[in-house]
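Before any comments, here is the structure.
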Amino acid sequence: MRVSVIVPAFNEELLLAESLAEIRKASIAFSLRGWAVELIVCDNNSTDNTAGIAHAAGATVVYEPLNQIARARNAGAAAATGDWLFFVDADSHPSRELFGDAAEQILSGRVLAGGATIRMNETMRAARLTLGLWNLVSRWRTLMAGSFIFVEAAAFRSIGG
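Here you go:
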């Protein structure tokens, strides 16, 4: 099995290095299962050093000139070689447990896509309340936050991204 972790990024030089390091740590959940992992950053027309930071972190860097997150995700997916695509926002820190839970869902054979609820570190009360409401609604309506989505690559491509 091969997993492609795709990170759309626009002017993320302040957060990207730490996020990519956390993604690498979380990816151990895949490596322990014998899965190959590739890390792709799609520079979405950044004017800062986003691409340089991604290169320094060992990521494959692709470029999308039209500043739109969906286009950045699709450009990253076009470069991906994985059987499964994991889209992770450039300011997100997925845990090893999250990737492990996703891997277990994949191995169950019952899913073509999935996501997770959102948790933020050090947020204000109003933000926690808003996130709590979003998480409740997303579970009830089976919605996914764009900050973490995984999907079978063949299914993703069959519907045009």
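Taking my numbering, the leading residue of the sequence shown gets 42, the next gets one more, and so forth. All C-beta atoms in this analysis are idealised placements derived from N, C-alpha and C, irrespective of residue type, glycine included.
Assignment of Ile110 by DSSP, reduced to helix, strand and coil, places it in the helix class.
Per DSSP, Thr101 is one residue of the beta strand (DSSP E) stretching across Thr101 to Tyr104.
For Gly141, the enclosing alpha helix (DSSP H) begins and ends at Arg137 to Ser149. Under the 10 Å beta carbon count, Asn108 is surrounded by fewer than 16 other beta carbons and is classified as exposed. Shown here, Leu55 sits in coil according to DSSP, grouped into three states, outside any helix or strand. Between Thr122 and Glu59, the alpha-carbon positions lie close to 24 angstroms from each other.
With distances taken between CA atoms, Trp125 lies nearest to Leu148 out of Leu148, Ala111, Ala67 and Asp132. Closest by C-alpha distance to Pro49, out of Ser87, Ser199 and Gly155, is Ser87.
The closest CA to that of Gly117, considering only Val46, Asp132, Ser68 and Ser72, is found on Val46.
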